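Chemist: Starting off with a structure, shown below.
In my numbering, the protein residues as written are 50 to 94.
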């Protein structure tokens, strides 16, 4: 199956943005986990 150049470039851009977005989400998740774990250590809900 041959994909037109424009579609290929668009797909590459979308994949790049998705990877960046997932990396940001991973960072946010780690930050939230550390905050949650810190609250548990001090007996807060």
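For each residue, glycine too, the CB sits at the ideal point set by N, CA and C. Quantities reported herein were computed from a predicted structural model and do not represent experimental measurements.
CA-CA distance, residue 84 and residue 55?
Modeler: Between residue 84 and residue 55, the C-alpha separation is close to 44 Å.
Chemist: For residue 76 and residue 87, what's the separation of their Cα atoms in angstroms?
Modeler: Answer to the nearest angstrom: the Cα atoms are 17 Å apart.
Chemist: Alpha carbon to alpha carbon, how far is residue 62 from residue 82?
Modeler: One C-alpha to the other measures close to 30 Å.
Chemist: Roughly how many angstroms separate the alpha carbons of residue 57 and residue 64, rounded to a whole number?
Modeler: Going by the C-alpha atoms only, they are around 11 Å apart.
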